[in-house]
Amino acid sequence: MEICEASRSRSPCASPPLHANGQAEILPGVAMGRPDVILSPAYWRWRCQHAEEAGEGYVARESTLHEELGFCLLGGYGVRVEVNDAFFRHLRERGVFEWGARPSEEDLFDLLSERIPVADARGETLQRYRFPRQKAARLARSLAMADELTPERPVHAKVPRAFRNRLMAMPGVGPKTASWIARNWLGAEDVAILDIHILRLGRYLRLFPDQVRLPADYERLEVRFVAFAEALEVRPSILDAVIWDDMRRFGSRMVARATVGYST
355 MEICEASRSR SPCASPPLHA NGQAEILPGV AMGRPDVILS PAYWRWRCQH
405 AEEAGEGYVA RESTLHEELG FCLLGGYGVR VEVNDAFFRH LRERGVFEWG
455 ARPSEEDLFD LLSERIPVAD ARGETLQRYR FPRQKAARLA RSLAMADELT
505 PERPVHAKVP RAFRNRLMAM PGVGPKTASW IARNWLGAED VAILDIHILR
555 LGRYLRLFPD QVRLPADYER LEVRFVAFAE ALEVRPSILD AVIWDDMRRF
605 GSRMVARATV GYST
């Protein structure tokens with residue numbers, strides 16, 4: 355089995371080295387495996403190809419920068435997605451995310467303190483946002499900082515990593531959130547959205563080391579993940595999306611039950 359890897363200094367179609375299990379490596383220490391073995395690299399290539407054929411883009415570019423920023427800041431640990439979505443719509447309907455609106459922290463706190471309808475599997479109930487004071491402060495400052503950035507996507511699309519770094523200067527915006535915004539708003543393919551599910555799979559496949567420190571190691575892991583996508587000949591935006599989806603639904607449980615490596 356030959357895999358073209360133009361990034362290597364040797365002949366781009368030279369035979370890659372063998373993994374300890376006798377399979378060809380697509381990256382040092384990472385064997386391709388078989389597509390019928392769930393969670394193997396070959397499986398993820400198949401999943402990405404299927405997603406591409408089905409027209410699943412996984413990048414939503416209809417929103418404005420302020421909307422992307424607001425949606426991300428309203429989410430996070432301890433906030434259910436239904437609550438996140440309901441309060442995002444609540445704020446958007448009141449013009450909070452309009453360019454130049456500059457809502458005050460107190461106005462945002464008042465809006466986030468209201469009881470609003472939230473629909474979930476149990477039906478629709480009136481609920482409050484869990485962290486109104488903290489998120490009001492972060493939103494007020496971050497939305498004001500976003501006003502200082504040009505609203506023209508093509509300007510930022512030329513330097514997506516620099517754009518992401520500017521986002522990371524905003525309160526409450528770490529590398530994962532900034533990467534999400536750069537991906538959705540710019541369609542950036544040189545960034546990766548590394549959440550707990552992708553980190554778990556990366557360790558399982560030996561793509562990532564067992565011990566990582568975030569956010570300090572984020573960019574180092576991101577480089578490795580993008581190289582993984584290139585080796586699989588798939589887009590990073592598709593790869594991290596399908597990994598997130600499958601790991602969230604069943605993959606993380608499979609990894610938890612596994613011991614070392616993956617079956618071949």
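Each number in the numbering used here corresponds to the 1-based position in the sequence shown with 354 added. Ideal placement from N, C-alpha and C gives every residue a C-beta, glycine not left out.
Open item on the list: Tell me which residue opens and which closes the beta strand (DSSP E) that I470 is part of.
Closed with: Taking the sequence shown and counting its residues from 1, one reaches residue 470 at position 116. Its beta strand (DSSP E) spans residues I470 to D474.
Open item on the list: Distance check for R607 and P590, CA to CA, integer angstroms please.
Closed with: If you number the sequence shown from 1, residue 590 lands on position 236. If you number the sequence shown from 1, residue 607 lands on position 253. Each residue's alpha carbon lies about 23 Å from the other.
Task: Secondary structure of M601, DSSP reduced to three states - done: Position 247 of the sequence shown holds residue 601. Residue state, collapsed to three classes: helix.
Task: C-alpha distance - A494 paired with P382, whole-angstrom precision - done: Here residue 494 refers to the residue found at position 140 when the sequence shown is read from its first residue. Here residue 382 refers to the residue found at position 28 when the sequence shown is read from its first residue. Cα atoms of A494 and P382: separation of roughly 45 Å, rounded to the nearest angstrom.
- [ ] Have a look at W539 and S417 and give me their C-alpha separation to the nearest angstrom.
- [x] Counted from its first residue, the sequence shown places residue 539 at position 185. Counted from its first residue, the sequence shown places residue 417 at position 63. Each residue's Cα considered, the two are about 7 Å apart.
Open item on the list: Whole angstroms are fine: how far does the CA of L503 sit from the CA of R492?
Closed with: In the sequence shown, counting from the first residue as 1, residue 492 sits at position 138. In the sequence shown, counting from the first residue as 1, residue 503 sits at position 149. CA-to-CA, the gap between R492 and L503 works out to about 17 Å.
Open item on the list: Could you check whether S533 and I547 sit closer than 7 Å to each other, using their CB atoms as the reference points?
Closed with: Reading the sequence shown from its first residue, position 193 is the one you call residue 547. Reading the sequence shown from its first residue, position 179 is the one you call residue 533. Contact flag set, yes.
Task: 7 Å Cβ shell around P395 - same chain, five flanking residues per side excluded - done: Stepping through the sequence shown from its first residue, residue 395 is reached at position 41. Only I380, V384, M386, G387, L559 and L586 meet the Cβ criterion.
- [ ] Taking 8 Å as the threshold, find out whether the stretch 466-473 comes into contact with the stretch 433-443 through three or more Cβ pairs.
- [x] With contact defined as three or more Cβ pairs closer than 8 Å, the stretch 466-473 and the stretch 433-443 are in contact.
Task: Boundaries (first-last residue) of the alpha helix (DSSP H) holding Q403 - done: Counting from 1 along the sequence shown, the entry for residue 403 is found at position 49. P395 to E407 is the extent of the alpha helix (DSSP H) around Q403.
Open item on the list: I'd like to know whether the C-beta atoms of L521 and H420 end up nearer to each other than 7 Å.
Closed with: Stepping through the sequence shown from its first residue, residue 521 is reached at position 167. Stepping through the sequence shown from its first residue, residue 420 is reached at position 66. No.
Task: Counted within 10 angstroms of its Cβ, other Cβ atoms place V513 as buried (16 or more) or exposed - done: In the sequence shown, residue 513 corresponds to position 159, counting from 1. With fewer than 16 other Cβ atoms from the protein chains shown falling within 10 Å of its own Cβ, V513 counts as exposed.
- [ ] State the start and end residues of the unbroken beta strand (DSSP E) segment that holds E379.
- [x] Here residue 379 is taken as the residue at index 25 of the sequence shown, counted from 1. In this chain, the beta strand (DSSP E) harbouring E379 covers E379 to L381.
- [ ] State the DSSP-derived secondary structure class of G477, mapped to helix, strand or coil.
- [x] One-based indexing of the sequence shown puts residue 477 at position 123. Collapsing the DSSP output to three states places G477 in a strand.
- [ ] Would you mind reading off the limits of the alpha helix (DSSP H) that contains E436?
- [x] Here residue 436 refers to the residue found at position 82 of the sequence shown. Start and end: V435 to E447.
Task: Outcome for P457 when other beta-carbon atoms lying within 10 angstroms are tallied against a minimum of 16 - done: By 1-based counting over the sequence shown, the position of residue 457 is 103. So P457 counts as buried.
TODO: Return the first residue and the last residue of the alpha helix (DSSP H) that F517 is part of.
DONE: By 1-based counting over the sequence shown, the position of residue 517 is 163. P514 to L521 is the span of the alpha helix (DSSP H), which, as asked, contains F517.
Task: Cβ shell of L427 (< 7 Å), same chain only, five flanking positions each side left out - done: For the purposes of this step, residue 427 is taken as residue 73 along the sequence shown, with counting starting at 1. Exclusion of the five residues before and after L427 leaves K489, R492, L493, S496 and G526 as the residues of its chain whose Cβ lies within less than 7 Å of its Cβ.
TODO: Could you tell me the distance, in whole angstroms, from the CA atom of V435 to the CA atom of R484?
DONE: Locating residue 435 in the sequence shown gives position 81, counting from the first residue. Locating residue 484 in the sequence shown gives position 130, counting from the first residue. When rounded, the distance between both Cα atoms is 12 Å.
Open item on the list: If you follow the alpha helix (DSSP H) that D564 is in, where does it begin and where does it stop?
Closed with: Along the sequence shown, read from residue 1 onward, the residue named residue 564 stands at position 210. Premise fails: D564 is in no alpha helix (DSSP H) and is neither H nor E.
TODO: Return the CA-CA distance between D474 and A378, expressed in angstroms with no decimal places.
DONE: Working through the sequence shown from its first residue, we reach residue 474 at position 120. Working through the sequence shown from its first residue, we reach residue 378 at position 24. In this model, D474 and A378 are separated by some 46 Å (Cα to Cα).
Open item on the list: Mapping the DSSP letters down to three states, classify V384 as helix, strand or coil.
Closed with: In the sequence shown, counting from the first residue as 1, residue 384 sits at position 30. Strand, per DSSP.
TODO: Compute the Euclidean distance between the alpha carbons of A523 and F463, then round it to the nearest angstrom.
DONE: Position 169 of the sequence shown, counted from the start, is the residue given in the question as residue 523. Position 109 of the sequence shown, counted from the start, is the residue given in the question as residue 463. Just so you know, the alpha carbons of A523 and F463 end up roughly 22 Å apart.
Task: Helix, strand or coil at G556 [DSSP, three-state] - done: In the sequence shown, counting from the first residue as 1, residue 556 sits at position 202. Three-state DSSP puts G556 in a helix.
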